[in-house]
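Down below is the structure, laid out as structure tokens.
Residue numbers (the UniProt record's numbering): 1 to 124.
Put into structure tokens, the structure is as follows:
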């Protein structure tokens, strides 16, 4: 066991304006603030950009508790496919379905952006 002085990634991002784990060497604007509380992060948001592994949607989306703006739009950069009742389901449709489960949640229009690996290109 070695204590390496672990710091939360949100703290590192907010101080260095870089995400050394997922977007190393790409400077982030100082206006971007990392927030570890998903509900606080989406409160009154008019645009929601999803870039997480698809298997994390089910536990994360309910934590948003429909705190986003009623006219919010979503953009999914999530790769993958889910199956429901033996049939493939688009991740964007799964997102819309999960987001609508919260009480009073509006229907969110969802767009999709995909490619071989677009993370670095989009960040630049």
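C-beta: ideal position from N, C-alpha, C; glycine also.
Cα-Cα separation between residue i and residue j, rounded to whole angstroms
i, j, result
"residue 27", "residue 47", "22 Å"
"residue 25", "residue 18", "7 Å"
"residue 32", "residue 44", "16 Å"
"residue 11", "residue 94", "31 Å"
"residue 8", "residue 37", "13 Å"
"residue 1", "residue 77", "Residue placement at residue 1 is poorly supported in this model, since its pLDDT is 47, which falls under 50; the coordinates are not used for a value here."
"residue 35", "residue 41", "6 Å"
"residue 105", "residue 68", "9 Å"
"residue 62", "residue 54", "14 Å"
"residue 115", "residue 79", "9 Å"
Segment limits, alpha helix (DSSP H) that includes residue i
i, result
"residue 93", "91-99"
"residue 12", "9-16"
Heavy atom of the ligand HEM within 6 Å of residue i beta-carbon
i, result
"residue 14", "Although the ligand HEM was asked about, the structure shown includes no ligands whatsoever."
Integer-rounded CB distance, given that residue j should sit under 8 Å from residue i
i, j, result
"residue 82", "residue 91", "7 Å"
Residue interval of the beta strand (DSSP E) (run including residue i)
i, result
"residue 82", "82-84"
"residue 111", "109-112"
Tell me the start and end of each unbroken beta strand (DSSP E) in the region 39-79 that is at least 3 residues and wholly inside, in chain order. If we require 3 residues or more, the beta strand (DSSP E) runs fully inside the region 39-79 come out as 47-50 and 73-76.
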